[in-house]
Every structure is written in C-alpha cells, then in structure tokens.
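Asker:
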Amino acid sequence: MTASQTSGLIDSRAIIDPSAIIHDKVSIGPFCIIGADVVIGEGSIIESHVVIKGPTTIGQNNHIYQFSSIGEDTPDLKYKGEPTTLTIGDNNVIREGVTIHRGTVQDRGDTLIGDNNLLMAYAHVGHDSVIGSHCILVNNAALAGHVTVGDWAILGGFTLVHQHCHIGAHCFTGMGSAIGKDVPAFMMVAGAPAETRTINAEGLRRRGFTDTDVSTLMKAYKIIFRRGLTLEQAIAQLEPLVSLSLHIQTLIDSLKSSTRGIVR
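Residue numbering for the sequence shown follows our numbering, starting at 11 and increasing by one per position.
1) Based on the DSSP secondary-structure assignment, which residues constitute the bridge partners of F182?
2) Which residues bound the alpha helix (DSSP H) around V224?
3) Would you kindly work out how many angstroms separate the C-alpha atoms of G64 and E212, rounded to a whole number?
4) Go through its chain and collect everything with a Cβ distance to Q173's Cβ below 6 Å, but skip five positions before and after it.
5) State the DSSP-derived secondary structure class of R270, mapped to helix, strand or coil.
6) Determine the DSSP secondary structure at L214, reduced to helix, strand or coil.
7) Buried or exposed: which applies to D86, given that a residue is buried once 16 or more other Cβ atoms fall within 10 Å of its Cβ?
8) When the Cα of G124 is compared with those of A244, I68, R270, A200, which residue comes out closest?
9) Could you pull out every unbroken beta strand (DSSP E) segment of at least 3 residues lying fully inside the segment 73 to 103, listed in chain order?
10) In the DSSP assignment, find the alpha helix (DSSP H) that holds L241 and state where it starts and stops.
11) For V103, which residues from the same chain have a beta carbon less than 6 Å from its beta carbon, with the 5 sequence-adjacent residues on both sides left out?
12) Per DSSP, which one or two residues make a beta bridge with A188?
13) Considering R112, what are the terminal residues of the beta strand (DSSP E) in which it resides?
14) Would you tell me roughly how many angstroms separate the C-alpha atoms of N71 and T94, rounded to the nearest one?
15) Taking Cβ to Cβ, would you say L265 is nearer than 8 Å to L241?
16) Helix, strand or coil for D120 per DSSP?
17) Verify whether the separation of the beta carbon atoms of H137 and T121 is less than 8 Å.
18) Do I56 and G39 count as a contact pair if the criterion is CB distance below 8 Å?
19) Taking 6 Å as the limit between beta carbons, can you name the residues of its chain near V140, skipping five residues before and five after?
Written out as structure tokens, the structure is:
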C-alpha cells in the first residue's frame, strides 16, 4: 500500500512520504520518518524514532529498532546527490542506533545487506558495502565504504574495517580489531592492527563443519601463515587439500580475490 493507505499497524505520529510503498502487514512506531522511494516488505517492524530515506528497498520480516538511520546520503565528499540505493534482504535484525548509508556512483551505486543478519547497537555500514547472510556485527562495529563481508562472518565489538577490505566467509574478528587488509575465509583475527591468530574452529563446528573439514582448514592455516611462503606459493600448496575438503576451494578463492593483501 502507499502511505496514504495507512493501517492500524502504522502509528499516526509517524511521518510517511506519499510515494513510500509499505506492505499492509508492516508495523511502524511513533515519530518515524519514512522518506520518498522507500519500499518495506511484509512482516517488517519499524520501532519508534527510525529514519529511513530512499531509494531504499527493505525485504520481509526485518526488525529495525529505535534511533536507527537507514538509507541516508553518504558523507563521502565525492557524493554529489546522485540517486543511489540501499537494498536490505529478509529476516534481518537492526538494533538501536545503527547507521547504513546508500551507495555512490563511483562504485556499485548500491549498499547491499543480505538475509538473516544481526547488526547490533550503533554498528555502521558505509556506502557501497556488501554484507552477505547470517552475519553478526557486534556493538559499534564499523565498515568504511566499499567493504565486503562474507556469509556467516562475526565482527566483534568496536571492529573497524578500512575501505575496500574483504572479510571472508565464516571469519571472526576479536573486539577492537583494526582491519586494514583482507581477511581470508574461515580465519580468526584480532588486534590493532589486526593479525591472523588461527581458524575460527569453534564457529565452524557450531555450523556443522566436520572434524575433517576443521583439521584440513587448520593445515591450510599453517601453510599460509606459518611457513613463510608467498601467497602464490601457499595457494599452490593448498590446491591438493581440496580433495580432503571442498571448503579449501572457498579459502583459495578468497586468497585469489584479495586486492589489498591479507592480514598476516
């Protein structure tokens, strides 16, 4: 429905642009501001005092908590008001005070958040960033522009990620990590600047990785980080391990796609 067709699920004190497209099973609390070119899907809950600006598309069954700012212009000085977008998938929980900026024409033009993510209080997602699915950004984790976060990654509280960095799938970052290079898939990093400590073994086991998968990934970790090899040499030694665990190919792909060098 359009904003002019508001239902009992939308508080009368909310301000909604007439062009917003809001499913009739969306709940919007008091003092929210929903701007032009915003689409909100079925079952989503917007708590009080949330600001959503467009063009922004929000999927189904998302829960956005109070004082979050969703779809705002980026402060990137290259941005000159172009009509860029924000796309949010389904079943995400966005807690208090989270800020998510739209993209820029210098990159994707879209900031993208997948499905089933948890963004905890005061997390920040910068312009043109891509977050996969099943990720957790703990309180005050902050992504600069152009950051990519793979599926199932967990960023500990106050993690800072430099622009253009890639965080691989199933990674874990310790609290207060300062990340200026790419983090290969499955790794655990910590520190400022961040260093790779080991694989995210406990997280992998919780997600059903077999003992063979975990032990093979540990072998891969030692090849990459303990033998003094160049990245190309390490990749060559990893390739025979693919026959033991297909997850090694995911790790190899994350190494080959690195553009900033990897966190060592």
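Backbone N, C-alpha and C fix where the C-beta goes; we use that ideal spot for every residue, glycine too.
Answerer: Inspection of the coordinates gives the following:
1) Taking the first residue of the sequence shown as position 1, residue 182 is located at position 172. F182 pairs with I164, M198.
2) Position 214 of the sequence shown, counting from 1, holds the residue named residue 224. Taken as a continuous stretch (DSSP letters only), the alpha helix (DSSP H) holding V224 covers 221 to 235.
3) Taking the first residue of the sequence shown as 1, we reach residue 64 at position 54. Taking the first residue of the sequence shown as 1, we reach residue 212 at position 202. Approximately 39 Å between the Cα atoms of the pair.
4) Numbered from 1 along the sequence shown, position 163 holds the residue referred to as residue 173. Hits under 6 Å: A154, G155, H156.
5) Here residue 270 is taken as the residue at index 260 of the sequence shown, counted from 1. Coil.
6) Translated into positions along the sequence shown, residue 214 becomes position 204. Helix.
7) If you number the sequence shown from 1, residue 86 lands on position 76. The residue is buried, with at least 16 neighbouring Cβ atoms inside 10 Å.
8) Looking up residue 124 in the sequence shown gives position 114. When each option's Cα is compared against that of G124, the closest is I68.
9) 79 to 82, 95 to 98
10) For the purposes of this step, residue 241 is identified with residue 231 of the sequence shown, where counting begins at 1. Note, L241: alpha helix (DSSP H), 241 to 248.
11) Mapped onto the sequence shown, residue 103 falls at position 93. Counting only Cβ-Cβ distances below 6 Å, and skipping sequence neighbours, we find H73, L128.
12) Working through the sequence shown from its first residue, we reach residue 188 at position 178. In the DSSP output, where bridge partners are listed per residue, A188 has L170.
13) Residue 112 sits at position 102 when you count from the first residue of the sequence shown. Segment: none, R112 is in no beta strand (DSSP E) and carries neither H nor E.
14) As a working mapping, residue 71 is identified with position 61 in the sequence shown. As a working mapping, residue 94 is identified with position 84 in the sequence shown. Roughly 24 Å separates the two Cα atoms.
15) In the sequence shown, the residue the question calls residue 265 occupies position 255. In the sequence shown, the residue the question calls residue 241 occupies position 231. Cβ atoms of L265 and L241: closer than 8 Å.
16) The count along the sequence shown starts at 1 and reaches residue 120 at position 110. D120 falls in the strand class under three-state DSSP.
17) In the sequence shown, residue 137 corresponds to position 127, counting from 1. In the sequence shown, residue 121 corresponds to position 111, counting from 1. Yes, the Cβ-Cβ distance between H137 and T121 is below 8 Å.
18) For the purposes of this step, residue 39 is identified with residue 29 of the sequence shown, where counting begins at 1. For the purposes of this step, residue 56 is identified with residue 46 of the sequence shown, where counting begins at 1. Taking 8 Å as the Cβ cut-off, G39 and I56 qualify as a contacting pair.
19) Working through the sequence shown from its first residue, we reach residue 140 at position 130. Once the five neighbours on either side are set aside, the close Cβ partners of V140 are L122, T158.
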